[in-house]
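Data block below; observations after.
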Amino acid sequence: MEVGEAGKVRGAAKFIRIPLIIHTVLRRETSLSLQVEHVQVKRTSINLPKDAIKLKREEIEDYIKQVYPNAHSFIIQYEERGEELVPFCAQLFLSAPHVKRFHGSR
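Just so you know, our numbering puts the end of the sequence shown at 108, numbered straight through with nothing missing.
Laid out in structure tokens, this is it:
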């Protein structure tokens, strides 16, 4: 996957536009039994190759990190269309520079 101007991906793959939900972590609390995250949500969309499931992790990471350098998790959700799996939604988790992290249990 090659990134061109304005973060657009170029290549021979067929692209589809899918919804993207961006979660920016505002606060995170962790204990031995449960992690609680408070997140701000933004809805947008992203173009992904229709056959994204065949891409290497590094290809996806390079593209996402160029557009969202503070990304720490990217989830692509698929649905069956005919006999193939096609991306239908994605979620991106970003670390905010001022995230409050609380560790320990009561």
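All residues carry an ideal CB built from backbone N, CA and C; glycine is no exception.
Just curious, the alpha helix (DSSP H) that residue i is in, first and last residue?
| i | result |
| --- | --- |
| GLU60 | 59-69 |
Taking the beta strand (DSSP E) that residue i belongs to, which residues open and close that run?
| i | result |
| --- | --- |
| ALA73 | 73-83 |
Give the DSSP bridge partners of residue i, in chain order.
| i | result |
| --- | --- |
| SER33 | DSSP lists no partner for SER33. |
Here's a check: name, in chain order, each residue in its chain whose Cβ is nearer than 8 Å to the Cβ of residue i, leaving out the five neighbours to either side.
| i | result |
| --- | --- |
| LYS16 | PRO51, LYS52 and ASP53 |
| GLN79 | PRO89, PHE90, CYS91, ALA92 and GLN93 |
| LEU87 | ILE55, TYR80 and GLU81 |
Short of 6 Å in beta carbon distance, which residues of its chain neighbour residue i, apart from the five on each side in sequence? Order them along the chain.
| i | result |
| --- | --- |
| HIS74 | PHE95 and SER97 |
| VAL38 | GLU31 |
Which residues in the same chain as residue i place their Cβ atom closer than 7 Å to its Cβ, once the five residues preceding and following it in sequence are excluded?
| i | result |
| --- | --- |
| LEU22 | THR46, SER47, ILE48, ALA92 and LEU94 |
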